[in-house]
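A short worksheet on the structure shown next.
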Amino acid sequence: MFYTLISLIGLVISMGAFVILMNYVDFESHYDDFHTDSDQIYRAESYFTLNGTVADSWATSSFGYAGAMKAEFSEVKAITRINFKDNERIVRYQDKIYRERMVVFADSNFFSFFSFPLLKGDPQKVLREPNTIAISASAAKKYFGDADPIGKVLDITTRKVVFHCAVSGVFEDFPPQSHLKLDMIISYASTSQFERDFWYMHSAYTYVKTNSEADARTIEKKFPALAEKFKTEDAMRDKSWEIHMVPLSDIHLNPLKPMEFEVKGSKQNVRFIFVFALIILIVGWVNFINIMTSKSIERAGEIGLRKLVGSKMKHMMIQFFIESFIINFLAVSVFLILMVIALPFLTDLYYSPMFNQFWQRPMVWGLLVLIFLLSTLITGAVPILVLRKIKIAVVLKNRMSFRVGMGKGLRHGLIIFQFTAAIVLVVSTVTIRRQMDYMQGKDLGADVTQTLVFKTPAKTDDYEGKLEMITEKMKTIGGVKSVSRSSAVPGEMVDFFIANQRDNDPEKVSVLTEMFRVDYDFIDAYQLKIVKGRNFSKSFGADKDNSLILTQSAMKLFGFKNEEEAVGGFINLEGQGNKKYEVIGVLKDYHHLSLKENFRPVVFLMFSPWNMLDFQYVSVKIQGANAKAIAGMLEREYKSVFPDSSFDSFFLDEFFNRQYKEDVTYGVIIMIFTWLTIFIVCLGILGIASLMLLRRTKEIAIRKISGAKPWQILKLINMEFIRWVGLAIVIGTPLSWWIMHNWLENFPYRTEIEWWIFVLAGLLTVLVTGITVSIQTVKNALENPVKSLRNE
Amino acid sequence: MIKITELKKIYRSEELETTALNDLSFEVKKGEFVAVMGPSGCGKSTLLNILGLLDDLDGGSFIFNGTEVAKFNDYKRSDLRTENIGFVFQSFNLIDELTVFENVELPLIYTKLKEKERKKKVDEVLERMQLMHRRNHFPQQLSGGQQQRVAVARAVVNDPKLILADEPTGNLDSVNGNEVMQLMTDLNAQGTTIIMVTHSEHDAKYSHRIIRMLDGQVVTENILA
Numbered sequence: 001m002f003y004t005l006i007s008l009i010g011l012v013i014s015m016g017a018f019v020i021l022m023n024y025v026d027f028e029s030h031y032d033d034f035h036t037d038s039d040q041i042y043r044a045e046s047y048f049t050l051n052g053t054v055a056d057s058w059a060t061s062s063f064g065y066a067g068a069m070k071a072e073f074s075e076v077k078a079i080t081r082i083n084f085k086d087n088e089r090i091v092r093y094q095d096k097i098y099r100e101r102m103v104v105f106a107d108s109n110f111f112s113f114f115s116f117p118l119l120k121g122d123p124q125k126v127l128r129e130p131n132t133i134a135i136s137a138s139a140a141k142k143y144f145g146d147a148d149p150i151g152k153v154l155d156i157t158t159r160k161v162v163f164h165c166a167v168s169g170v171f172e173d174f175p176p177q178s179h180l181k182l183d184m185i186i187s188y189a190s191t192s193q194f195e196r197d198f199w200y201m202h203s204a205y206t207y208v209k210t211n212s213e214a215d216a217r218t219i220e221k222k223f224p225a226l227a228e229k230f231k232t233e234d235a236m237r238d239k240s241w242e243i244h245m246v247p248l249s250d251i252h253l254n255p256l257k258p259m260e261f262e263v264k265g266s267k268q269n270v271r272f273i274f275v276f277a278l279i280i281l282i283v284g285w286v287n288f289i290n291i292m293t294s295k296s297i298e299r300a301g302e303i304g305l306r307k308l309v310g311s312k313m314k315h316m317m318i319q320f321f322i323e324s325f326i327i328n329f330l331a332v333s334v335f336l337i338l339m340v341i342a343l344p345f346l347t348d349l350y351y352s353p354m355f356n357q358f359w360q361r362p363m364v365w366g367l368l369v370l371i372f373l374l375s376t377l378i379t380g381a382v383p384i385l386v387l388r389k390i391k392i393a394v395v396l397k398n399r400m401s402f403r404v405g406m407g408k409g410l411r412h413g414l415i416i417f418q419f420t421a422a423i424v425l426v427v428s429t430v431t432i433r434r435q436m437d438y439m440q441g442k443d444l445g446a447d448v449t450q451t452l453v454f455k456t457p458a459k460t461d462d463y464e465g466k467l468e469m470i471t472e473k474m475k476t477i478g479g480v481k482s483v484s485r486s487s488a489v490p491g492e493m494v495d496f497f498i499a500n501q502r503d504n505d506p507e508k509v510s511v512l513t514e515m516f517r518v519d520y521d522f523i524d525a526y527q528l529k530i531v532k533g534r535n536f537s538k539s540f541g542a543d544k545d546n547s548l549i550l551t552q553s554a555m556k557l558f559g560f561k562n563e564e565e566a567v568g569g570f571i572n573l574e575g576q577g578n579k580k581y582e583v584i585g586v587l588k589d590y591h592h593l594s595l596k597e598n599f600r601p602v603v604f605l606m607f608s609p610w611n612m613l614d615f616q617y618v619s620v621k622i623q624g625a626n627a628k629a630i631a632g633m634l635e636r637e638y639k640s641v642f643p644d645s646s647f648d649s650f651f652l653d654e655f656f657n658r659q660y661k662e663d664v665t666y667g668v669i670i671m672i673f674t675w676l677t678i679f680i681v682c683l684g685i686l687g688i689a690s691l692m693l694l695r696r697t698k699e700i701a702i703r704k705i706s707g708a709k710p711w712q713i714l715k716l717i718n719m720e721f722i723r724w725v726g727l728a729i730v731i732g733t734p735l736s737w738w739i740m741h742n743w744l745e746n747f748p749y750r751t752e753i754e755w756w757i758f759v760l761a762g763l764l765t766v767l768v769t770g771i772t773v774s775i776q777t778v779k780n781a782l783e784n785p786v787k788s789l790r791n792e
Numbered sequence: 001m002i003k004i005t006e007l008k009k010i011y012r013s014e015e016l017e018t019t020a021l022n023d024l025s026f027e028v029k030k031g032e033f034v035a036v037m038g039p040s041g042c043g044k045s046t047l048l049n050i051l052g053l054l055d056d057l058d059g060g061s062f063i064f065n066g067t068e069v070a071k072f073n074d075y076k077r078s079d080l081r082t083e084n085i086g087f088v089f090q091s092f093n094l095i096d097e098l099t100v101f102e103n104v105e106l107p108l109i110y111t112k113l114k115e116k117e118r119k120k121k122v123d124e125v126l127e128r129m130q131l132m133h134r135r136n137h138f139p140q141q142l143s144g145g146q147q148q149r150v151a152v153a154r155a156v157v158n159d160p161k162l163i164l165a166d167e168p169t170g171n172l173d174s175v176n177g178n179e180v181m182q183l184m185t186d187l188n189a190q191g192t193t194i195i196m197v198t199h200s201e202h203d204a205k206y207s208h209r210i211i212r213m214l215d216g217q218v219v220t221e222n223i224l225a
């Protein structure tokens, strides 16, 4: 009963862990495949090359790509576009005002191109007319309650424009496995002509349907020649404009690119979890096989006798398979019961959508049936393979030595596998945790603490004046250290790229840099370090319109040899004619985004080139601990000036750390399942140790009679296991180093894999093994040897 | 060498209390060869286990070499046993996974002897028992007589002052049995005290004195030589 229970618990955990982890793998790997023809849909992602080298790569395309591609390429079966310029908008309906995160423009064929279900409206017509809008079911509920939203007019506001759009359709909230998460979709016909065919602003996602993969590749090949026709400006003329046709199903797991909004998964993490799931399943099986084999070896005499009286191998096979079937069936049943109980709690976790649909996912059931059958087959077959060689005469004559030798190599190999798995998992858990701590603890070069950020309001009269006025007013609130405005904040991509040139560059190389609009106070407020030159200052009137500050990465990109050369140098900005902008300072590179990203080439400026770089955030640096009260006062001030806008604020350190949310969850998943694996390994050790002791009762008694003390018996049995752990350390150390080394390679800023992690993993395994074995052995070690011999 | 006085051993189960040794007293002098006889269940083996410090006693006194050992803890008993007592069992009790050499070496492993010295001692005793040619064999590869010789070798390898033998010929044919008894006699002649439990009158005749037991008590003592 004891052994059956151990095997059962091990199987329940390992099968359960496997199904849950594989559910994660499946969930992550099948984004966007709910669309009909999903395998024929590609996103055209831009990249620019200079002399064969990739200069920049974005997930986006320009507004003009779609029209030109449709007209020129016969391979394009259908094409649709999303324009997400100013995607965050304040939406008003009567007294209801909310800031919506994803309000976009989309071509009229959007709902026939994709398979997002429309609850109200006709897919062919819903986005045809100007100033019409389709909204999500939750948005409909939020603004209109139970009333029919069709025909009702929403005010959709940016900082500069207000659209009055009649609701023409309601779509089902986009499913969790969609890389697109849109709240509202305005008809493309509502935009200006410039946003329909302009080639110099890459603020659109272009989706293309083709008949085949080959067609997609042909389009990629043809695109640079097409782009040549549209490179009408100086900017970027030196570069080849190319596209990658990225399959829809790859988008979610591809690395994050500039101008991507979706929460990305990680191909590498998915692979890692997949391997992890397999390991934990195999560890469970190994447990089961080891215990069952050992147990069946105990039954060698019985089997020998059965053979003697004419029992056929077939009968014994049936017996083993029935046992295996029952235990595996029990394991699956217990898992299902536990899952029913645990599901509500799991749903509350980060990956709630994954668990929300748990029972509806065919993969879950398919996998359960598959591993049940596989598990029954494997766990039933291995003991048979070991026992099929039983020779009646040998067993009956010499039971003890037969028992000892049988299946020894297999059992030891399996135990070593378990220990190796434990060591690899412990090293992985510690390294992943250290990498998370490293990323979250490293000095960013910018101070994101004690900072309350609120988003700037919607369009109103005297917008800039009012914003400046409120900024100044907020500075007088007690506890407020500084207030500054900017087009982005750390943790949010700067994202506004333009192609600039160093003045008098004979080669006229356009350099794509991110433009970051700030006010006089921003650089000081965030404690960004000026390496050379100076900050923007009111004492220099020209700063407001003519001065630039570069980060070191931007400086290098422009080809300045050093800070001395850069300060006082001049830059020509895209679209500003021959006007020269002076570099007045160079900033030390800082981490604008998480440490998963490299330093970005950023140009700081105070004006708005092309009138497109609005202040989007106001950062309020707070002193003291009364942040909540201060936030309340800020909101009151804001509402008094901007009554028609919602006040949306956040603490910047939390906002910044959300970039690690996925990684932290991933780390927690790995940690939980590592401990579960170690627990299963412990169960295995317990079972094996107990069987080993059973087999060695006589030996222990003889040793005791020969003078062995209890601790020497403990040592004897422990050493048997420690030897295996030692071997596992030899195998597991280089293996885990290699795995983690490869994993860390994906981070530009990474922790070291320190030697002590391996020592820790080894010691932990030795300790856990020692404790488990000792608990089991101590009874035997203290047992009166006479009694043991008598029982033998 | 051994003096036991009013030795008491009671086995208790939930329903039953059985007195195995009932106020048993006797003395064994150094260099003596004593045979303990009696019907099954009379307490012979229990007595042997107590004398070998393998079992607790419930009353009485047990003086070994002038020291009261009745209250010794497990560690002290183990030390006393390692240094002074060798055991020979009816069923040999060899460890199947160890070679003849390793089996014989076992009691020395738990002493402070260095490996080289251990090897020397084991080889000496194997030579004496005429088992050198079998030193690397496993017990299952030996005949019963050879296995018991290995067990005797193991019992004497650390030069014990006392050998406790529990029916040493019980599992052997007469030829092998006699061989083992001759070995015991030789060891005794070399100065080792021997207490042997046996059912065999033939074997008992090798001893100096026969103690006959019944119901946990000594009923007669016959001095043979």
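Protein chains in written order, with the UniProt record's numbering: chain R, 1 to 792; chain V, 1 to 225. Where a beta carbon is used, it is the ideal one built from N, C-alpha and C, also for glycine.
Name the residue from the options whose alpha carbon lies nearest to the alpha carbon of residue i.
i, options, result
"I223(V)", "Q217(V), K29(V), L21(V), T18(V)", "K29(V)"
"I4(V)", "S13(V), T19(V), L214(V), F26(V)", "F26(V)"
"T458(R)", "G366(R), Q418(R), L467(R), G121(R)", "Correcting the residue identity first, residue 458(R) is Ala in this sequence and not Thr. Of G366(R), Q418(R), L467(R), G121(R), the residue nearest in Cα terms is L467(R)."
"L256(R)", "E129(R), M493(R), F105(R), W711(R)", "M493(R)"
"I97(R)", "D107(R), D155(R), H592(R)", "D155(R)"
"D503(R)", "V518(R), T456(R), G559(R)", "G559(R)"
"N213(V)", "T18(V), S174(V), P39(V), K8(V)", "One detail in the question is off: residue 213(V) reads as Met in this sequence, not Asn. Per the Cα distances, P39(V)."
"D500(R)", "I318(R), Q124(R), I219(R), R237(R)", "The displayed chain sequence assigns Asn, not Asp, to residue 500(R). Here the closest residue by C-alpha is R237(R)."
"N535(R)", "K561(R), F496(R), D32(R), V586(R)", "V586(R)"
"R159(R)", "G577(R), L764(R), L613(R)", "L613(R)"
"P168(V)", "S61(V), V152(V), K76(V), V175(V)", "V152(V)"
"G569(R)", "V620(R), I549(R), G575(R)", "I549(R)"
"Q616(R)", "V364(R), Y143(R), V518(R), M22(R)", "V518(R)"
Pull up the CB-CB distance for residue i and residue j, whole angstroms please, since I reckon it's below 8 Å.
i, j, result
"N158(V)", "T99(V)", "With a Cβ gap of about 18 Å, N158(V) and T99(V) do not count as contacting."
"Q90(V)", "G144(V)", "Incorrect: roughly 11 Å between the Cβ atoms, too far for contact."
"residue 229(V)", "M1(V)", "With chain V running from 1 to 225 in the structure shown, residue 229(V) is simply not present."
"E28(R)", "L253(R)", "7 Å"
"E637(R)", "M740(R)", "Incorrect: roughly 50 Å between the Cβ atoms, too far for contact."
"K85(R)", "S203(R)", "4 Å"
"S115(R)", "L127(R)", "Not confirmed; about 15 Å, so no contact."
Under 8 Å: do the region 62-77 of chain R and the region 205-215 of chain R share three or more Cβ pairs, one atom per stretch?
With contact defined as three or more Cβ pairs closer than 8 Å, the region 62-77 of chain R and the region 205-215 of chain R are in contact.
Can you give, in chain order, each stretch of the beta strand (DSSP E) that sits fully within the region 587-673 of chain R and has at least 3 residues?
Segments of the beta strand (DSSP E) lying fully in the region 587-673 of chain R: 602-605, 617-622, 649-651.
Contained alpha helix (DSSP H) runs [length at least 4] in the region 185-256 of chain R, N- to C-terminal order
Unbroken alpha helix (DSSP H) stretches of 4 residues or longer found wholly inside the region 185-256 of chain R: 194-197, 213-230, given in chain order.
Are the region 425-442 of chain R and the region 732-748 of chain R touching by the rule of at least three beta carbon pairs closer than 8 Å?
yes
Ranges of the alpha helix (DSSP H) found wholly within the region 131-189 of chain V, counting only runs of at least 4:
144-156, 174-189
When you compare the region 38-47 of chain R with the region 243-262 of chain R, are there three or more beta-carbon pairs, one atom per stretch, that lie closer than 8 Å?
Flag = yes, the region 38-47 of chain R and the region 243-262 of chain R touch.
Give, in chain order, every unbroken run of the beta strand (DSSP E) that is at least 3 residues long and sits entirely within the region 440-479 of chain R.
451-455
For the region 106-131 of chain R, which segments carrying the alpha helix (DSSP H) assignment without a break, of at least 4 residues, lie completely within its bounds, in sequence order?
110-113
Tell me, please, whether the region 464-484 of chain R touches the region 550-559 of chain R by the rule of three or more beta-carbon pairs shorter than 8 Å.
With the cut-off at 8 Å, the region 464-484 of chain R and the region 550-559 of chain R do not touch.
Could you tell me whether the region 169-189 of chain R touches the region 223-233 of chain R, where touching means 3 or more Cβ pairs closer than 8 Å?
no
Determine which residues of the region 51-80 of chain V have a Cβ less than 9 Å from any Cβ of chain R, and write them out in chain order.
G52, L54, D55, D56, D74, Y75, S78, D79
Below 9 Å between beta carbons is the criterion; list the residues of the UniProt domain "ABC3 transporter permease C-terminal" (671-774) of chain R that meet it against any residue of chain V, in chain order.
If the cut-off is 9 Å between Cβ atoms, the UniProt domain "ABC3 transporter permease C-terminal" (671-774) of chain R has R696, K698, E699, A701, I702, R703, K704, I705, S706, G707, A708, K709, P710, Q712 near chain V.
With contact counted as at least three CB pairs below 8 Å, one residue from each stretch, are the region 113-126 of chain V and the region 711-725 of chain R in contact?
no
Could you name the residues of the region 87-110 of chain V whose beta carbon sits closer than 7 Å to any beta carbon of chain R, in the order they occur along the chain?
Residues passing the 7 Å Cβ filter: F87, N93, I95, D96, E97, L106, P107, Y110.
Counting only runs that start and end within the region 8-94 of chain V, where is the alpha helix (DSSP H) found for 4 or more residues in a row?
List check, alpha helix (DSSP H) in window: 44-51, 74-84.
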